[in-house]
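Beneath this line is the structure, given in structure tokens, with notes to follow.
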Amino acid sequence: MSLDNISCKEALAIVLPSLDPDNKFDRVVEELVNGGFAHIVIVDDGTGPEGQGHFEKAAALPGCTVLHHEGNKGKGRALKTAFRHVLDELPEVKGVITIDGDGQHLTEDIIACGERMLREGNKVILGCRDFDLPGVPPRSVAGNKTTSRMFRLFYGIRLSDTQTGLRAIPRDFLENFIRIEGERFEYETNMLLKMKKRGILFLEQPITTVYDPEDYSSHYNALKDSWRIFRVMFKGLFL
241 MSLDNISCKE
251 ALAIVLPSLD
261 PDNKFDRVVE
271 ELVNGGFAHI
281 VIVDDGTGPE
291 GQGHFEKAAA
301 LPGCTVLHHE
311 GNKGKGRALK
321 TAFRHVLDEL
331 PEVKGVITID
341 GDGQHLTEDI
351 IACGERMLRE
361 GNKVILGCRD
371 FDLPGVPPRS
381 VAGNKTTSRM
391 FRLFYGIRLS
401 DTQTGLRAIP
411 RDFLENFIRI
421 EGERFEYETN
431 MLLKMKKRGI
441 LFLEQPITTV
451 YDPEDYSSHY
461 NALKDSWRIF
471 RVMFKGLFL
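Numbering (the numbering used here), first residue to last: 241 to 479.
Put into structure tokens, the structure is as follows:
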């Protein structure tokens, strides 16, 4: 099925999970709105009272819906919450584009992934960064290259960016993806493994590699979340 005559800004919903947002989050949301995206689904994953102003500002913008978790449930659960909302409340939407709220995903790259997904119709599009560029944080390089080797060795999956948060997903796959195990960062790894097992095809879309070495932050816990991801990968060998 080809949907290349439909604008991704109208046809697809942006899915943006967030915990303790800052000014970068505000800029990301404003750029999406100014860029013409009609459906922006934001999930507040248990942010405290001090951060609610960012979500209130976002909710007042056209096309933005903010969903709230009462406590921190993890990125995986936030994505599933948004997928369910899209399925139940946005019947006109043809799929979603998941992004992060830290400014790493440029609007032009988001559009490129969305438009390619609409052209392909039945494939997931993964926005993949180049980890060989100078200035990428060493922990990101090491973590991604290690998981990339494991994906290729154990599962025959060749993927240059296993931890990308920029993913364009057709609507037909969302119900399936909601049922995938994982509540935190390991969910995105599990998604890739289940795609392989269930015959869901994916394509890589090169995107700009954005890191600010003076302002790099992440809710990714190098020890706990790496362990969750590797546990998922080893478990998948026996399922």
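Virtual Cβ for every residue (Gly too), placed ideally from N, Cα, C. These numbers come from a predicted model, not from an experiment.
| query | result |
| --- | --- |
| Can you find the residues in the same chain that come closer than 7 Å, C-beta to C-beta, to I418, ignoring five residues on each side of it along the sequence? | K320, F323 and R324 |
| Which residue comes first and which comes last in the alpha helix (DSSP H) that contains Q292? | Q292 to A299 |
| If we call anything under 8 Å between Cβ atoms a contact, is L432 one with L399? | yes |
| Figure out for me which residue from I337, I409 and N274 has the closest Cα to the Cα of L441. | I409 |
| Between the segment 272-291 and the segment 247-256, do three or more beta carbon pairs fall short of 8 Å? | yes |
| By alpha-carbon positions, which one of L414, D412, G341 and N362 ends up nearest to T404? | G341 |
| State yes or no: is the C-beta of D285 within less than 8 Å of the C-beta of S258? | yes |
| Within 10 Å of its beta-carbon, does E360 have 16 or more other beta-carbons around it, so buried, or fewer, so exposed? | buried |
| Specify the secondary structure class of L399 as computed by DSSP and reduced to three states. | coil |
| Note down the Cα distance separating G288 from A299, rounded to an integer number of angstroms. | 17 Å |
| Reducing DSSP to helix, strand and coil, say where A278 ends up. | coil |
| Please specify which runs of the alpha helix (DSSP H), each continuous and at least 4 residues long, are wholly inside the segment 394-450, giving them in chain order. | 414-418 and 426-437 |
| Is I246 helix, strand or coil when you go by DSSP? | coil |
| Using the Cα positions of V326 and G293, report the straight-line distance between them to the nearest angstrom. | 24 Å |
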